[in-house]
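Asks: So the sequence shown is numbered by full-length UniProt numbering: it starts at 1 and just counts up by one. Backbone N, C-alpha and C define an ideal beta-carbon position, used for all residues, glycine too. Structure in structure tokens, see below.
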Amino acid sequence: MIVAQSHDLLDTLNALEDLRSNEVSARRAFQRFVVRGDAQLLPMDRNHLDPNPIPIHLRDISRGGLGFITTAELDVNSSWRVVFYHHGFPVGEQGLVVRHSRRVEAGLHLVGGQFVVNSGVLSLLGIDPSQIDDEDQADIPAVPGDFRSPE
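What follows is the structure in structure tokens.
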């Protein structure tokens with residue numbers, strides 16, 4: 001039932017897109033594309049690997065980030081790996097830092113995230129794993145900037 005509710009909520013949120021101010025749209029660095037699909041979140045912090053991925057329902061995507069609905073309450077500045085699926089097959093993975101999260105109704109959260117380099121890639125390129133762990137666990141932004149909620 002939550003899945004059906006989240007899809008209904010996504011449709012309602014899309015109808016509200018026309019009411020969004022031009023000022024908010026002007027702050028975006030990349031064009032957003034409305035998408036529908038399922039994906040999963042996995043923790044980026046290798047010290048807190050959870051075998052149970054968090055399901056998400058995609059709302060929009062751009063070169064710089066992703067908007068989605070989830071039943072999980074995610075901390076702002078937490079780092080994740082998002083796994084994209086097509087016809088049930090994983091087709092891609094991208095690092096993501098949560099930039100805003102808002103409860104939109106009971107059990108559903110609207111989340112926006114910024115794409116970042118996956119921690120595994122940093123390790124592969126020779127970055128000390130302890131430094132990566134410190135960054136994955138810290139409550140710091142991945143890049144400097146003024147990240148505001150899209151409302």
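Look up H109 in the DSSP assignment and give the residues it is bridged to.
Replies: Looking at the DSSP output, H109 shares a beta bridge with T70, R103.
Asks: In whole angstroms, what separates the C-alpha of R102 from that of S119?
Replies: 26 angstroms
Asks: Round the Cβ separation of V82 and L96 to the nearest angstrom and send it over; I've been treating them as touching at under 8 angstroms.
Replies: Correct: roughly 5 angstroms between the Cβ atoms.
Asks: If you follow the beta strand (DSSP E) that G88 is in, where does it begin and where does it stop?
Replies: Segment: none, G88 is in no beta strand (DSSP E) and carries neither H nor E.
Asks: Hey, F30 and R59: beta-carbon distance below 8 angstroms or not?
Replies: no
Asks: In the DSSP assignment, what are the bridge partners of R81?
Replies: L42, G95
Asks: Verify whether the separation of the beta carbon atoms of G65 and F115 is less than 8 angstroms.
Replies: Yes. Within cutoff.
Asks: Taking Cβ to Cβ, would you say D133 is nearer than 8 angstroms to N47?
Replies: yes
Asks: By the three-class DSSP mapping on this structure, what secondary structure does D60 have?
Replies: strand
Asks: For L42, which residues from the same chain have a beta carbon less than 6 angstroms from its beta carbon, with the 5 sequence-adjacent residues on both sides left out?
Replies: P53, R81
Asks: Determine, using beta carbons only, whether V98 and L74 come nearer to each other than 8 angstroms.
Replies: yes
Asks: Just reading off the alpha helix (DSSP H) that V121 is part of, what are its end residues?
Replies: Segment 119-124, the alpha helix (DSSP H) holding V121.
Asks: Determine whether the beta carbon atoms of Y85 and V91 lie at a separation below 8 angstroms.
Replies: Their beta carbons are under 8 angstroms apart, which means Y85 touches V91 by this criterion.
Asks: Select from I56, P51, M44 the residue whose C-alpha is nearest the C-alpha of L108.
Replies: I56
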